[in-house]
Amino acid sequence: MYKGPIMKILVIEDHPGLLSAIVEALEAEKFLCERAADFGTAEEKIHLYRYDLIIVDINLPGGSGLEIIREVKRLGGETGIIVVSARDALDNKIEGLELGADDYVTKPFDMAELVARVKALVRRRNFGGQSVVTQGDFSIDTQSREVTAAGRKIDLTRSEYDILLFLFSNAGRVISRESLAEHIWGDHMDLADSFDFIYSHIKNLRKKITTAGATDPIRAVYGIGYKYEISRES
Amino acid sequence: MKLFKRTFVSFSYLIIPLFIVGSAIIYFTFGYVIYEEADEYLTYEMERLMEYHREHQDLPDFHRVAEIIAGQKVEKPFFRDTLILEPSDNEMVPHRELAFSIHHKGEDFKIVLRHLIPGKDDLLEGTLLIAAGVMLLMVAVLVLMVSYLSGRIWKPFYQTVRLLSGYRISQPPPVFPETDIEEFSSLNQTVTGLLTKMNGDYQRTRDFNANASHELQTHLALIRANAEQLLNQSPGDPSFSENLRNIQNATIKLSGVQKSLLLLSRIGNLEFCNAVDLDLLDYLTASLDLFREALELRGIRLTTRVETCPLRMDPGLAEILVNNLVKNAVKHNVKGGFIEVTLNCRELVIANSGLPYDGDPSGLMDRFVKGTYGNMGIGLAIVKQICDLHQMEISYSIAEKTDHALKILFPRE
């Protein structure tokens, strides 16, 4: 669960079902969301209100999401931008980021992935010096990529860290192994045994956590994947 | 060969027979004219001498004619050719002779008149000089004319060619300059028609790709989001969870296949034409880094023999090319296997251990299109498409049934 100042997010997506799904997922994380389903509404909203973060689809009825990014940048301010697009056209991706978008998600994506990206962006944007997030026994410094469990530093490999942070960002949610594989390796690893890799990473991760003397927060969900259990005391 | 050069080459084939025939005509014409003139001169001379005889009753002096022979009568004056030794040159020189007779004081005198005519060698020399002079003049005129023609008359054609060679399919068709030459105008119209059609097809394919992608991926995203939501509300029933996972998996796979197909279509549609100078080694290094973890986990031994490889291509395509090849080598490998990567400015070879394969390796090339062998088809189909686009030669070979190798030959500059 996200803890910190209330974040206002504008979600711009033309498909009503997907718009609701995104909003619900973010609201479950206690973000404050507003919706815009077309270019006109979105344009109006960015002129009327200030948002901490905007999630924008490129293909919109009435205009391009790239136009919205340009407008937001022109209006100035500290608004973070995450582009969502079905076109993973390399050129579009570059164009969105060149215009000043902070991150990019291609459809279809897992809500867990989007939530993790939103949280990462919020950390980068708002916490400045305080890049440390805490959950129960665990605290993760996302800037130095250092993990402390029960007061002890744990050395993690890049993938182990990525897995832990992803589960951590989606604490309380079930994350399927496919989502995990996709998050860590992107499109490049539709390998048959990528689940074995995840399994061995998780195994190593657990070993390191318990060796440090902390309670292992990762719970295997049978047949699906894993879940980061929210510790009761927090 | 340039139009200009070709015109001259064609003309030079013509100029040799033209020279021979022209020389022959000049030779015979001159020969004929010279005889005519000599005969005419001799006839006048004969008439003058006969007139002189009639008026003065006197024979011409010896030195005025070639020969005067008494007692011979010539019935009718006749011409003939003869060779006379010219003492000064010590050379036989051709002469034209006219023989006639005069009746003088009851006696017949045969008088022979002679006139020098040019020899055959002199005639030939003159002929050749004239012919050569004329040919030279003709070549000079032709050079001037062709340069003028290609400069002026062919100008619209060259403009069309220049505009076409600079044309990119993503741009609207160029506007060709107006020309009053019917053939060029019709060429421009035809080309404009073709380009408009091509550009339209390109745009439609592009739009279709974008729309199909947007619609599909949006709905897939929705399915995935809902499945994910249900997973989190799952009552813990394993078969329920299993079904949800299947749904999620199917959307992930479908989305991957659709992205690959879309990429194939877009490469085919030449949508990636942002060619820059790059070093393929950078991309290879990044790609091997990306898969390092997978290699470690599967215990695959990686050996590299790599050098810099400067190429001119789209950076996105370079990344896809290298990633797909490396991924293919990792994916179809076996535990404890090997991968050997060789890169230099001529070729990229990725050899890897794999499952035994008994068939013909060229059959594997066919699978590029069909993709019946897992996902291998589509990933390598994309590789092949990229290779085709950049005139790279790709080949697949298998040694000892388990050693697979994909080799890409870069085009020579």
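Chains as they are written, first to last, in this note's numbering: chain Y, 18 to 251; chain U, 10 to 422.
Backbone N, C-alpha and C fix where the C-beta goes; we use that ideal spot for every residue, glycine too.
- Of Y/Ile98, Y/Leu92, Y/Ala45, the smallest CA-CA separation from Y/Val28 is found for Y/Ile98.
- In the three-state reduction of the DSSP assignment, U/Ser179 falls in the coil class.
- Interface criterion met: the Cβ of Y/Asp127 is under 7 angstroms from a Cβ in chain U.
- Excluding sequence positions up to five before and after U/Cys396, its CB lies within less than 8 angstroms of the CB of Leu330, Glu402, Ile403, Ile417, all in the same chain and listed in chain order.
- Chain order gives the chain Y residues near U/Ser250 as Val191, Val238, Tyr239, Gly240, Ile241, where near means a beta carbon separation below 9 angstroms.
- A residue is called buried when at least 16 other Cβ atoms come within 10 angstroms of its Cβ; U/Ile34 does not meet this threshold and is exposed.
- A residue is called buried once 16 or more other Cβ atoms fall within 10 Å of its Cβ, and U/Thr38, having fewer, is exposed.
- For U/Arg314, the beta-bridge partners assigned by DSSP are U/Thr351.
- Contact annotation, Y/Ala198 with Y/Ile215: C-beta distance approximately 6 angstroms; criterion of less than 8 angstroms satisfied.
- Exclusion of the five residues before and after U/Val74 leaves Ile120, Leu122 as the residues of its chain whose Cβ lies within less than 6 angstroms of its Cβ.
- When the alpha-carbon of Y/Leu83 is set against those of Y/Glu95, Y/Leu138, Y/Leu184, Y/Glu60, the nearest one is in Y/Glu60.
- Rounded to the nearest whole angstrom, the CA to CA distance from Y/Asp233 to Y/Ile247 is 11 angstroms.
- At a cut-off of 7 angstroms, the C-beta of U/Asn258 has a neighbouring C-beta in chain Y.
- Of all residues in the segment 34 to 52 of chain Y, only Gly34, Leu35, Ala38, Ile39, Glu41, Ala42 place a beta-carbon less than 8 angstroms from a beta-carbon of chain U.
- By alpha-carbon distance to Y/Leu92, the top candidate from Y/Glu44, Y/Lys62, Y/Asp119 is Y/Lys62.
- Ranked by Cα distance from U/Leu172, the first of U/Leu287, U/Met154, U/Asn197 is U/Asn197.
- In terms of beta-carbon proximity, U/Pro365 stays away from the interface with chain Y, with every pair separated by 7 angstroms or more.
- Beyond the five residues adjoining it in sequence on each side, Y/Gly79 comes within less than 6 angstroms, by CB distance, of Asp55, Phe56, Gly57 in the same chain, given in chain order.
- When the beta-carbon positions are compared, U/Leu51 and U/Leu132 stay at least 7 angstroms from each other.
- Beta-bridge partners assigned by DSSP to Y/Cys50: Y/Ile26.
- Contact note: U/His399 does not reach chain Y at a C-beta cutoff of 8 angstroms; the least C-beta distance is about 16 angstroms.
- Secondary structure at U/His341: coil, using DSSP grouped into helix, strand and coil.
- For U/Ser406, the uninterrupted beta strand (DSSP E) run begins and ends at 402 to 408, by DSSP.
- The residue among U/His413, U/Leu320, U/Lys393, U/Val18 with its C-alpha nearest the C-alpha of U/Val152 is U/Val18.
- With a threshold of 7 angstroms between beta carbons, Y/Ala103 makes contact with chain U.
- Looking at the backbone, the Cα of U/Glu54 and that of U/Ser97 are separated by about 26 angstroms.
- By the neighbour-count definition (other C-beta atoms within 10 Å, threshold 16), Y/Asp31 is a buried residue.
- Y/Phe185 and Y/Arg194 have their C-alpha atoms roughly 15 angstroms apart.
- Distance between U/Tyr61 and U/Ile24, taken at the CA atoms: about 54 angstroms.
- Rounded to the nearest angstrom, the Cβ distance from U/Asn342 to U/Ser362 is 6 angstroms, consistent with a contact under 8 angstroms.
- Y/Glu195 belongs to the set of residues whose beta carbon lies under 7 angstroms from a beta carbon in chain U.
- With fewer than 16 neighbouring CB atoms inside 10 Å of its own CB, U/Ala149 falls in the exposed class.
- Think of a sphere of 8 angstroms around the beta carbon of U/Asn241: the chain Y residues whose beta carbon falls inside it are Arg190, Val191, in chain order.
- The C-alpha of Y/Glu130 is placed about 19 angstroms away from the C-alpha of U/Asn255.
- Taking the beta carbon of Y/Ser176 as reference, the chain U residues within 9 angstroms of it are Glu302, listed in sequence order.
- It is roughly 17 angstroms from the alpha-carbon of Y/Thr151 to the alpha-carbon of Y/Ile23.
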